[in-house]
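Undergrad: Chains as they are written, first to last, in the numbering used here: chain A, 1 to 224; chain B, 225 to 314. Glycine residues also receive a C-beta, built at the ideal position from the N, C-alpha and C atoms. Please read these numbers as outputs of a predicted model, since none were measured by experiment.
(1) List, in chain order, every chain A residue whose beta-carbon is nearer than 9 Å to that of residue 242/B.
(2) Is it buried or exposed for residue 32/A, if we count other Cβ within 10 angstroms and need 16 for buried?
(3) In chain order, which continuous runs of the alpha helix (DSSP H) of length 4 or greater are located wholly inside the region 143-167 of chain A?
(4) Residues of chain B with CB closer than 8 Å to the CB of residue 93/A, please, in chain order.
(5) Following the continuous beta strand (DSSP E) through residue 139/A, name the residue where it begins and the one where it ends.
(6) Answer with yes or no whether the minimum CB distance from residue 290/B to chain A is below 8 Å.
(7) When DSSP labels each residue in this structure, what does residue 72/A get in the three-state scheme?
(8) Does residue 7/A come out as helix, strand or coil in the three-state DSSP assignment?
(9) At the 8 Å Cβ level, is residue 281/B part of the contact set with chain A, yes or no?
(10) DSSP three-state label for residue 50/A, please.
(11) Can you grab the Cα-Cα spacing for the pair residue 274/B / residue 289/B, in whole Å?
(12) Nearest-angstrom Cα distance between residue 314/B and residue 304/B?
(13) Any idea what DSSP makes of residue 265/B, helix, strand or coil?
(14) How long is the line joining the alpha carbons of residue 185/A and residue 63/A, rounded to whole angstroms?
(15) Three or more C-beta pairs under 8 Å: does that hold for the region 123-131 of chain A against the region 201-218 of chain A?
(16) What three-state label does DSSP hand residue 85/A in the structure shown?
(17) Answer yes if the region 34-53 of chain A comes into contact with the region 10-20 of chain A, meaning at least three C-beta pairs across the two stretches below 8 Å, and no otherwise.
(18) Does chain B have any CB closer than 8 Å to the CB of residue 60/A?
(19) Kindly identify the DSSP beta-bridge partner or partners of residue 111/A.
(20) Along the chain, where does the beta strand (DSSP E) containing residue 100/A start, and where does it finish?
(21) What does residue 43/A pair with, by DSSP beta-bridge criteria?
(22) State the DSSP-derived secondary structure class of residue 256/B, mapped to helix, strand or coil.
(23) For residue 245/B and chain A, any beta-carbon pair shorter than 8 Å?
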């Protein structure tokens, strides 16, 4: 399975995301922000970093990048898309996911090993986890506080679209401790912490993050 | 050339950590009695040609699609004061 990883000017974690795809058994494909071309990939990862310098708002410029217009169209057709950190911000700015990510409540750029609880295994990116499973992956961001109006939060909870929550103390002020959400179909997932930094025992806090990258390699039952 | 100003502010229900940081710094400098600070953005757009109602509608569209994120921010559009006697340099 070929998994595209988009590189924007200012992306930081594109190479780590490619490596995570490879370790999971997939074939990473580098995608360029300026191309109107997804190269026929089977899934796309929007990686972490500071696309376009975070100018205006995080993800606000990237949302209009040529490759992202292709990603948006393909996501509506069911293409699995995972946005990590800055990628999550891009997915919110592009309205593929509701809500927004604002500056951390404590005004600090956090960089830590973070306990995260998987709330639903029913997405293209979390199928290899169990509901309620706790992971330790990396959290590193300055604007990772998830916000949405009450109605949207209730809707996300009711539809089982809260994909992951912070376990333990809330690290950034995210409403309802939300660390990740999905779209209604479950093919688009946004995640603030970084599973791609927890895929090898040698570097990072372990291999708990690998499941996101193995999950997408599964052929969904409905596709049979 | 007409100049249009777009002010963008975080919605009142959204926590504004930057504004809070500024508010916290003011008393340390001896400025007392500031009960709230909220930090926003100001965009000044210089437009070609006449400032018509259609042009203003277009600016509102720019504000809605790019300059602000309606999920977390409100915006207002106004026309900047122009020096009288347009067209002359003097």
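TA: Reading it off the structure:
(1) 103 and 107
(2) exposed
(3) 150-158
(4) Near residue 93/A (Cβ distances below 8 Å), the residues of chain B are 293.
(5) 134-141 is the span of the beta strand (DSSP E), which, as asked, contains residue 139/A.
(6) yes
(7) helix
(8) strand
(9) Interface criterion not met: the Cβ of residue 281/B is under 8 Å from no Cβ in chain A.
(10) Residue 50/A falls in the coil class under three-state DSSP.
(11) 23 Å
(12) Since pLDDT at residue 314/B reaches only 44, below the 50 mark, its modelled position is unreliable, and the value read off the structure follows with that caveat. The straight-line gap from Cα to Cα measures roughly 19 Å.
(13) strand
(14) 21 Å
(15) yes
(16) coil
(17) Because the criterion of three Cβ pairs below 8 Å is met, the region 10-20 of chain A and the region 34-53 of chain A touch.
(18) yes
(19) 140/A
(20) 100-102
(21) 3/A
(22) coil
(23) yes
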